[in-house]
Each structure stands twice: as structure tokens, then as C-alpha cells.
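In the working numbering, the protein residues as written are 366 to 404.
By construction, the Cβ of each residue, glycine as well, lies at the ideal position given by its N, Cα and C atoms.
So this is what it looks like as C-alpha cells:
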């Protein structure tokens, strides 16, 4: 799901201009119990 959101951010909504997206992947450390993507 995270990769899908990143792909969407690279395109942006119609009428938007996206110059660059910076993604900094890190190893999972078990800090959080859940993850949600809200649009």
C-alpha cells in the first residue's frame, strides 16, 4: 500500500506539478502497532 501511495504522489492529481519525490526506506523496527494511509 505504501508503494501505491508513492506511485500516486509521483503522478500527483490532475492539475498538479510534481518535480520530485524523495523516499528514504528504513528497516522495520517494530515501533508501531499499525499503519494507515488516509487520502
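Backbone CA spacing between residue i and residue j [nearest angstrom]
i, j, result
"residue 398", "residue 382", "34 Å"
"residue 388", "residue 379", "22 Å"
"residue 395", "residue 367", "17 Å"
"residue 392", "residue 385", "23 Å"
"residue 377", "residue 390", "21 Å"
Alpha helix (DSSP H) segment containing residue i, residue limits
i, result
"residue 370", "367-376"
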